[in-house]
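Visitor: If you scroll down you'll find the structure; I have some questions about it.
Protein chains in written order, with my numbering: chain A, 85 to 389; chain B, 85 to 389.
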């Protein structure tokens, strides 16, 4: 079984599978035996990544409507000039962020990328249009959970904000997003999870739909309860920011959550510590850049002036 | 402001606060100036930790009903024999797990502690008795989110399963719970978050209450949807276990979630990869020990035979 469909982003494993299979079939391929798997992998990842969500030079778009039954290395290599190979090669070096402007989870990853100074291409996934683009077959291949954000980075597709940000921090350690001391790291991750698993999953459109007319009331009371706990925890951990005086992963989660809280009518005057930290963070360049009002898919009437 | 209440577990910060304050007041305390803060810290942490959730030698229980207004080092030290000091000292070295037998989140930490070979004392928090012991004032001081698990370890209180397990892995690295390669680490954490933030928060008693008669239907459909995604992701990542052939943090999340799925009537035959991995995991000693049917607070009729 091939763990990808006809179009979409393929996984490392899928690329390797295709490579091994085609190597057996075409031992004398024009790529030569040595390096074949690696080159194929780049090509396969390239195709799957850019197609159909990103434009490819038109000859590929037309030629390579991917068809597993009809796959042949010949078809692929015949029209693969060295120019084309070159055009595909950089895909593995590109970073694509699948994001929705208003999504707080997308916002977290945008802030982390900005803090780390990672350039990326923004691929909008409209969560409201036509019942939600995240449910479309082609997006499900990128993230089977049908959620944003997802990211194509270093040749792999990752989803869920926590693993994405931890990965960024492990592979691009400067500036660090976690404190050095294990206890402080644990405190930062605690604050993250209060928001990530304790609040955000209870205010998604799926949950809000259940509450009908009372959805704002539900979201407001649920966020308020958790903010009481958050406020209390922050009194132990906070300095200028959530944990001491350096920006950490906890701050990345706090700001988009406060934006949501305000949207749902939470009275922020009850949470002076949260408010003070939010005020200190939202003026930092990474938080400004990543703000929902400044994204390529932000509607015109919501764009920051 | 003192960031703890009258009874409960105090934080590092609170201990330090009291120590500094009492040092100013009593420069000639019987402990002597040097080492005073450290000794006080151990005592304060000791008291707060053990009281009221753990038994203390009775003289302390009677004498030290903690009262900030009435606090005096004299009262504390007068009846503090060197024996007593000795009795309190080890508290900082103890590990206390606040857990409920049936809680899947508690179960994750129990599995992690068992895998790491960390001895701990089990402090039961009954989530159903009297409207839930987790909402009691004394437990709120341990975890303001009123959730299990929480852990007292290395002198600090941590809550939320992800930060607890990441902390255990950072401070007790053998055996590792995360793969070495950053991409594999990200994949393990992705699987964790699909369950931790994508499934579990939607099946808590708070959410289920909203659905009344239809609660099982809701839980079943919501877990099933996510298991479709999980099954698909696992086809890329799994070996014998969730990520390759070594037990990782992802496995720690998978098993308790499958137990919940079965409880809610999810048809597991639709998820052959999940089922196969669960079968391989549940016979491992750590998973056996941590199982909900083998905890000190497991009701007699639910105990493993």
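Built from N, CA and C at the ideal position, the CB exists for glycine as well.
Model, not experiment: these values are computed from the prediction.
Out of B:316, B:227, B:355, B:378, which one is the CA nearest neighbour of residue 230 of chain A?
Guide: In the first chain, residue 230 of chain A corresponds to position 146, counting from 1. If we check each option's Cα against that of residue 230 of chain A, B:316 comes out closest.
Visitor: With 16 other CB atoms within 10 Å as the buried threshold, where does residue 367 of chain B fall?
Guide: One-based indexing of the second chain puts residue 367 of chain B at position 283. By the neighbour-count rule (16 or more Cβ atoms within 10 Å), residue 367 of chain B is not buried but exposed.
Visitor: Helix, strand or coil, according to DSSP, for residue 296 of chain A in the structure here?
Guide: One-based indexing of the first chain puts residue 296 of chain A at position 212. It is helical.
Visitor: To the nearest angstrom, how far is it from the Cα of residue 185 of chain A to the Cα of residue 389 of chain A?
Guide: Counting from one through the first chain, the residue named residue 185 of chain A turns up at place 101. Counting from one through the first chain, the residue named residue 389 of chain A turns up at place 305. Spanning the two alpha carbons is a distance of roughly 16 angstroms.
Visitor: Given a cut-off of 8 angstroms on the beta-carbon distance, is the pair residue 194 of chain A and residue 374 of chain A in contact?
Guide: Translated into positions along the first chain, residue 194 of chain A becomes position 110. Translated into positions along the first chain, residue 374 of chain A becomes position 290. Their beta carbons are under 8 angstroms apart, which means residue 194 of chain A touches residue 374 of chain A by this criterion.
Visitor: With DSSP run on the structure shown, which of helix, strand or coil describes residue 112 of chain A?
Guide: Working through the first chain from its first residue, we reach residue 112 of chain A at position 28. Since pLDDT at residue 112 of chain A reaches only 47, below the 50 mark, its modelled position is unreliable, and no value is offered.
Visitor: Counting Cβ pairs, one atom from each stretch, are 3 or more of them under 8 angstroms apart for the segment 266-285 of chain B and the segment 218-236 of chain B?
Guide: Result no; under three Cβ-Cβ pairs closer than 8 angstroms.
Visitor: Give a yes or no on whether the C-beta atoms belonging to residue 288 of chain A and residue 318 of chain A are separated by under 8 angstroms.
Guide: Stepping through the first chain from its first residue, residue 288 of chain A is reached at position 204. Stepping through the first chain from its first residue, residue 318 of chain A is reached at position 234. No, the pair does not count as a contact, with Cβ atoms beyond the cut-off.
Visitor: Using alpha carbons as the reference points, say which of B:250, B:341, B:323, B:327 lies closest to residue 263 of chain B.
Guide: Start at 1 with the first residue of the second chain, and residue 263 of chain B comes out as number 179. With distances taken between Cα atoms, residue 263 of chain B lies closest to B:327.
Visitor: Taking C-beta pairs closer than 8 angstroms, name the residues in chain A that residue 282 of chain B reaches, listed in chain order.
Guide: Along the second chain, read from residue 1 onward, the residue named residue 282 of chain B stands at position 198. Result: 229, 231, 244, 285.
Visitor: For a quick check, are the C-beta atoms of residue 337 of chain B and residue 361 of chain B less than 8 angstroms apart?
Guide: Position 253 of the second chain holds residue 337 of chain B. Position 277 of the second chain holds residue 361 of chain B. No.
Visitor: In the DSSP output, what is residue 328 of chain A paired with across the bridge?
Guide: Against the first chain, residue 328 of chain A aligns to sequence position 244. Answer by DSSP bridge pairing, in chain order: A:322.
Visitor: How should residue 346 of chain A be labelled, buried or exposed, when 16 other C-beta atoms within 10 angstroms of its C-beta is the threshold for buried?
Guide: Here the question's residue 346 of chain A lines up with position 262 in the first chain. Counting Cβ neighbours within 10 Å, residue 346 of chain A comes out exposed, since fewer than 16 surround it.
Visitor: Contact criterion: CB-CB distance below 8 angstroms. Does residue 273 of chain A meet it with respect to chain B?
Guide: If you number the first chain from 1, residue 273 of chain A lands on position 189. Closer than 8 angstroms to some Cβ of chain B, the Cβ of residue 273 of chain A qualifies, so yes.
Visitor: Under 8 angstroms between C-beta atoms, does residue 192 of chain B make it to chain A?
Guide: For this step, residue 192 of chain B is matched to residue 108 along the second chain. For residue 192 of chain B, the answer is no, since every Cβ of chain A falls outside 8 angstroms of its Cβ.
Visitor: On a Cα-Cα basis, can you pick out the residue from A:308, A:246, A:334 that is closest to residue 268 of chain A?
Guide: As a position in the first chain, residue 268 of chain A is number 184, starting the count at 1. Nearest option by C-alpha distance: A:334.
Visitor: Kindly indicate the opening and closing residues of the alpha helix (DSSP H) around residue 279 of chain A.
Guide: On the first chain, residue 279 of chain A is found 195 positions in, with the first residue counted as 1. Taken as a continuous stretch (DSSP letters only), the alpha helix (DSSP H) holding residue 279 of chain A covers 266-280.
Visitor: Relative to the alpha-carbon of residue 354 of chain B, which residue among B:237, B:218, B:308, B:369 has its alpha-carbon at the smallest distance?
Guide: For this step, residue 354 of chain B is matched to residue 270 along the second chain. It is B:308.
Visitor: Does the beta-carbon of residue 177 of chain A have 16 or more other beta-carbons within 10 angstroms, so that it is buried, or is it exposed?
Guide: Mapped onto the first chain, residue 177 of chain A falls at position 93. Result: exposed.
Visitor: Tell me, please, whether the CB atom of residue 251 of chain A is closer than 8 angstroms to any CB atom in chain B?
Guide: Position 167 of the first chain, counted from the start, is the residue given in the question as residue 251 of chain A. Yes, residue 251 of chain A lies at the interface with chain B (some Cβ there is under 8 angstroms from its Cβ).
Visitor: Along chain E, which residues have their Cβ under 9 angstroms away from the Cβ of residue 240 of chain B?
Guide: Looking at the structure shown, chain E is missing, and the protein chains on hand are A and B.
Visitor: Does residue 332 of chain B get closer than 8 angstroms to chain A when you measure Cβ to Cβ?
Guide: Residue numbering aside, residue 332 of chain B sits at position 248 when the second chain is read from its first letter. So no, residue 332 of chain B is outside the interface.
Visitor: Please return the same chain residues whose Cβ sits closer than 7 angstroms to the Cβ of residue 313 of chain B, not counting the five positions on each side in sequence.
Guide: On the second chain, position 229 is the one that residue 313 of chain B refers to. Closer than 7 angstroms at Cβ, skipping near neighbours: 278.
Visitor: Give the secondary structure of residue 143 of chain A by DSSP, where H, G and I count as helix, E and B as strand, and everything else as coil.
Guide: In the first chain, the residue the question calls residue 143 of chain A occupies position 59. Residue placement at residue 143 of chain A is flagged as unreliable, the pLDDT there being 29, under the threshold of 50; the coordinate-derived value follows with that caveat. In this structure, residue 143 of chain A counts as helix in the three-state DSSP scheme.
Visitor: Rank B:240, B:291, B:370, B:290 by C-alpha distance to the C-alpha of residue 266 of chain A and give the top, closest one.
Guide: Counting from 1 along the first chain, the entry for residue 266 of chain A is found at position 182. The shortest Cα separation from residue 266 of chain A among B:240, B:291, B:370, B:290 belongs to B:240.
Visitor: Under 7 angstroms Cβ-Cβ, which residues of chain A neighbour residue 247 of chain B?
Guide: Position 163 of the second chain, counting from 1, holds the residue named residue 247 of chain B. In chain order: 270, 273, 274, 277.
Visitor: Take residue 201 of chain B as the anchor and find which of B:371, B:382, B:379 has the nearest alpha-carbon.
Guide: As a first step, residue 201 of chain B is located in the second chain; it is residue number 117 there, counting from the start. Closest option to residue 201 of chain B, Cα to Cα, is B:371.
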